[in-house]
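Peer 1: Each number in this note's numbering corresponds to the 1-based position in the sequence shown with 184 added.
After the C-alpha coordinates below, expect a handful of questions from me.
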Amino acid sequence: MFLINAVNALDSSNWTEAIVGYEDFKIPPEYKNPYSSDFNMYEFDEDIDVFTIRYVNPRIMDLYGYFLEHNSQIKKVNVEGHDAIHFMTYDRNDGANNSKLWFSAGDEFYYIAWRGSDITPTIKEVVKSANKSNYNKTEFYSILNNEYNNYKVVNAIESQRYDYPQNDKGHHSFVSVGSNGINFGVMS
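Next up, the structure:
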(Lines of atoms letter the chains of each structure in order from A and count residues from 1; the text may use other names and numbers.)
(Lines give C-alpha, C1' and ligand atoms only; values in the text may rest on other atoms or scores of the structure.)
Protein backbone atom coordinates (compact mmCIF):
# COMPACT_ATOMS: atom_id res chain seq x y z
CA MET A 1 0.00 0.00 0.00
CA PHE A 2 2.77 2.48 0.87
CA LEU A 3 4.59 1.81 -2.41
CA ILE A 4 1.46 2.61 -4.44
CA ASN A 5 0.96 5.93 -2.64
CA ALA A 6 4.62 6.85 -3.01
CA VAL A 7 4.47 6.25 -6.77
CA ASN A 8 1.34 8.43 -7.11
CA ALA A 9 2.79 11.29 -5.04
CA LEU A 10 3.69 14.44 -6.95
CA ASP A 11 6.82 16.35 -5.94
CA SER A 12 5.94 20.04 -5.98
CA SER A 13 9.02 21.21 -4.07
CA ASN A 14 10.45 22.93 -7.17
CA TRP A 15 7.20 24.74 -8.05
CA THR A 16 6.95 28.52 -7.90
CA GLU A 17 4.09 30.42 -6.25
CA ALA A 18 1.67 33.06 -7.45
CA ILE A 19 -0.81 35.12 -5.48
CA VAL A 20 -4.27 35.18 -7.04
CA GLY A 21 -7.01 36.89 -5.08
CA TYR A 22 -6.26 36.09 -1.46
CA GLU A 23 -4.46 32.79 -2.05
CA ASP A 24 -0.90 31.69 -2.66
CA PHE A 25 -1.08 28.98 -5.34
CA LYS A 26 1.72 26.62 -6.30
CA ILE A 27 2.51 26.87 -10.01
CA PRO A 28 3.99 23.88 -11.87
CA PRO A 29 7.27 24.47 -13.73
CA GLU A 30 5.65 24.15 -17.16
CA TYR A 31 3.43 27.18 -16.35
CA LYS A 32 5.87 29.33 -14.36
CA ASN A 33 6.34 32.24 -16.81
CA PRO A 34 2.89 33.79 -17.17
CA TYR A 35 1.61 35.77 -20.12
CA SER A 36 -0.26 37.91 -17.56
CA SER A 37 -0.55 37.92 -13.78
CA ASP A 38 -2.39 40.26 -11.43
CA PHE A 39 -4.63 40.18 -8.36
CA ASN A 40 -7.55 38.56 -10.24
CA MET A 41 -5.79 36.14 -12.55
CA TYR A 42 -2.68 34.11 -13.31
CA GLU A 43 -2.79 33.47 -17.04
CA PHE A 44 0.01 31.32 -18.46
CA ASP A 45 -0.85 31.86 -22.12
CA GLU A 46 -2.80 34.38 -24.17
CA ASP A 47 -5.27 31.52 -24.67
CA ILE A 48 -6.99 31.38 -21.28
CA ASP A 49 -7.72 27.65 -21.66
CA VAL A 50 -4.06 26.55 -21.60
CA PHE A 51 -3.64 27.19 -17.86
CA THR A 52 -5.27 29.92 -15.79
CA ILE A 53 -6.12 30.48 -12.14
CA ARG A 54 -8.83 33.10 -11.65
CA TYR A 55 -10.27 34.80 -8.58
CA VAL A 56 -13.98 34.97 -9.45
CA ASN A 57 -15.69 36.73 -6.51
CA PRO A 58 -15.97 40.10 -8.31
CA ARG A 59 -17.81 38.43 -11.22
CA ILE A 60 -19.08 35.21 -9.68
CA MET A 61 -22.70 35.65 -10.82
CA ASP A 62 -22.09 36.25 -14.52
CA LEU A 63 -19.14 33.86 -14.86
CA TYR A 64 -20.84 30.96 -13.09
CA GLY A 65 -24.10 31.51 -14.97
CA TYR A 66 -22.26 31.61 -18.27
CA PHE A 67 -20.32 28.43 -17.49
CA LEU A 68 -23.50 26.56 -16.53
CA GLU A 69 -25.14 27.52 -19.80
CA HIS A 70 -22.15 27.00 -22.12
CA ASN A 71 -20.42 23.82 -20.98
CA SER A 72 -21.47 20.40 -22.19
CA GLN A 73 -20.42 18.36 -19.15
CA ILE A 74 -20.70 19.41 -15.52
CA LYS A 75 -19.77 17.26 -12.51
CA LYS A 76 -19.79 17.85 -8.77
CA VAL A 77 -16.47 16.55 -7.43
CA ASN A 78 -14.20 16.74 -4.41
CA VAL A 79 -10.56 17.60 -5.12
CA GLU A 80 -8.05 17.44 -2.28
CA GLY A 81 -10.76 18.16 0.30
CA HIS A 82 -12.34 20.99 -1.72
CA ASP A 83 -15.92 20.64 -2.93
CA ALA A 84 -15.83 21.68 -6.56
CA ILE A 85 -17.59 21.77 -9.89
CA HIS A 86 -15.77 20.46 -12.95
CA PHE A 87 -16.89 22.03 -16.25
CA MET A 88 -15.79 20.36 -19.48
CA THR A 89 -16.38 21.29 -23.10
CA TYR A 90 -14.90 20.63 -26.51
CA ASP A 91 -13.59 23.76 -28.22
CA ARG A 92 -13.86 23.46 -32.01
CA ASN A 93 -11.45 26.37 -32.53
CA ASP A 94 -8.74 24.74 -30.43
CA GLY A 95 -9.64 21.18 -31.42
CA ALA A 96 -9.29 20.25 -27.76
CA ASN A 97 -11.22 19.47 -24.60
CA ASN A 98 -11.05 22.25 -22.02
CA SER A 99 -11.82 22.11 -18.30
CA LYS A 100 -12.53 24.58 -15.56
CA LEU A 101 -12.65 23.59 -11.91
CA TRP A 102 -14.59 25.92 -9.58
CA PHE A 103 -13.79 25.67 -5.86
CA SER A 104 -13.51 27.85 -2.80
CA ALA A 105 -10.55 28.61 -0.57
CA GLY A 106 -11.28 30.44 2.66
CA ASP A 107 -14.33 32.59 1.88
CA GLU A 108 -13.37 33.19 -1.76
CA PHE A 109 -14.15 31.43 -5.05
CA TYR A 110 -11.66 30.51 -7.77
CA TYR A 111 -11.42 28.49 -10.92
CA ILE A 112 -8.55 26.77 -12.64
CA ALA A 113 -8.72 26.35 -16.43
CA TRP A 114 -6.63 23.83 -18.36
CA ARG A 115 -6.50 21.76 -21.52
CA GLY A 116 -7.96 18.29 -21.11
CA SER A 117 -10.98 16.60 -19.62
CA ASP A 118 -9.37 14.89 -16.62
CA ILE A 119 -8.47 16.38 -13.26
CA THR A 120 -4.77 15.53 -13.37
CA PRO A 121 -2.37 15.12 -10.43
CA THR A 122 -0.93 18.53 -11.38
CA ILE A 123 -4.33 20.24 -11.11
CA LYS A 124 -4.98 18.44 -7.81
CA GLU A 125 -1.67 19.73 -6.44
CA VAL A 126 -2.53 23.32 -7.42
CA VAL A 127 -5.89 23.01 -5.61
CA LYS A 128 -4.19 21.39 -2.62
CA SER A 129 -1.88 24.41 -2.30
CA ALA A 130 -4.87 26.67 -1.52
CA ASN A 131 -6.39 27.07 1.93
CA LYS A 132 -9.32 24.88 2.86
CA SER A 133 -12.78 26.27 2.19
CA ASN A 134 -14.69 27.90 5.02
CA TYR A 135 -17.90 26.48 3.51
CA ASN A 136 -19.27 23.03 4.04
CA LYS A 137 -20.59 21.13 1.02
CA THR A 138 -24.18 22.40 1.41
CA GLU A 139 -23.08 26.03 1.81
CA PHE A 140 -20.71 25.83 -1.18
CA TYR A 141 -23.36 24.57 -3.59
CA SER A 142 -26.03 26.84 -2.10
CA ILE A 143 -23.90 29.94 -2.76
CA LEU A 144 -23.36 28.93 -6.37
CA ASN A 145 -27.05 28.06 -6.85
CA ASN A 146 -28.05 31.48 -5.48
CA GLU A 147 -25.61 33.18 -7.85
CA TYR A 148 -27.09 31.27 -10.79
CA ASN A 149 -30.62 32.26 -9.77
CA ASN A 150 -29.50 35.91 -9.63
CA TYR A 151 -27.89 35.49 -13.06
CA LYS A 152 -31.18 34.25 -14.54
CA VAL A 153 -33.16 37.14 -13.01
CA VAL A 154 -30.70 39.78 -14.21
CA ASN A 155 -30.62 38.28 -17.71
CA ALA A 156 -34.43 38.19 -17.82
CA ILE A 157 -34.59 41.87 -16.84
CA GLU A 158 -31.81 42.80 -19.26
CA SER A 159 -33.53 40.98 -22.13
CA GLN A 160 -36.68 43.04 -21.52
CA ARG A 161 -34.77 46.32 -21.69
CA TYR A 162 -35.08 46.34 -25.48
CA ASP A 163 -38.78 45.46 -25.48
CA TYR A 164 -39.76 49.05 -24.68
CA PRO A 165 -39.30 52.19 -26.80
CA GLN A 166 -36.44 54.46 -25.80
CA ASN A 167 -37.82 57.99 -26.24
CA ASP A 168 -35.46 59.90 -23.98
CA LYS A 169 -31.80 59.64 -24.92
CA GLY A 170 -30.77 61.25 -21.61
CA HIS A 171 -31.79 58.24 -19.50
CA HIS A 172 -30.49 54.72 -19.18
CA SER A 173 -31.66 51.71 -17.24
CA PHE A 174 -29.63 49.68 -14.79
CA VAL A 175 -29.69 46.35 -12.99
CA SER A 176 -27.63 45.61 -9.89
CA VAL A 177 -27.41 42.68 -7.52
CA GLY A 178 -26.14 43.23 -4.01
CA SER A 179 -26.62 42.29 -0.40
CA ASN A 180 -29.95 44.14 -0.40
CA GLY A 181 -31.31 42.12 -3.33
CA ILE A 182 -31.85 42.95 -6.98
CA ASN A 183 -32.42 46.57 -7.98
CA PHE A 184 -33.36 48.00 -11.35
CA GLY A 185 -34.56 51.31 -12.66
CA VAL A 186 -33.86 54.31 -14.85
CA MET A 187 -31.19 56.94 -14.21
CA SER A 188 -30.86 60.40 -15.73
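Cβ atoms here follow ideal geometry from the backbone N, Cα and C, with glycine treated the same way.
Can the beta-carbon of D275 be found less than 8 Å from the beta-carbon of N282?
Peer 2: In contact: D275 and N282 (Cβ atoms closer than 8 Å).
Peer 1: Along the chain, where does the beta strand (DSSP E) containing D150 start, and where does it finish?
Peer 2: A query on residue 150 cannot be resolved here, the shown segment of the chain reaching from 185 to 372 and no further.
Peer 1: Just the C-alpha distance for L285 and Q344, rounded to the nearest angstrom, thanks.
Peer 2: Computed Cα separation, rounded: 32 Å.
Peer 1: Hey, out of D208, V234, N330 and F235, whose CA is closest to A314's CA?
Peer 2: Taking only the C-alpha atoms, the option nearest A314 is D208.
Peer 1: Exposed or buried, what is G205 when buried is set at 16 or more other beta-carbons lying within 10 Å of its beta-carbon?
Peer 2: Under this definition G205 is a buried residue.
Peer 1: Note down the Cα distance separating E342 from Y226, rounded to an integer number of angstroms.
Peer 2: About 31 Å.
Peer 1: Could you tell me the alpha carbon to alpha carbon distance between V263 and I303, rounded to whole angstroms?
Peer 2: Cα to Cα, V263 sits roughly 8 Å from I303.
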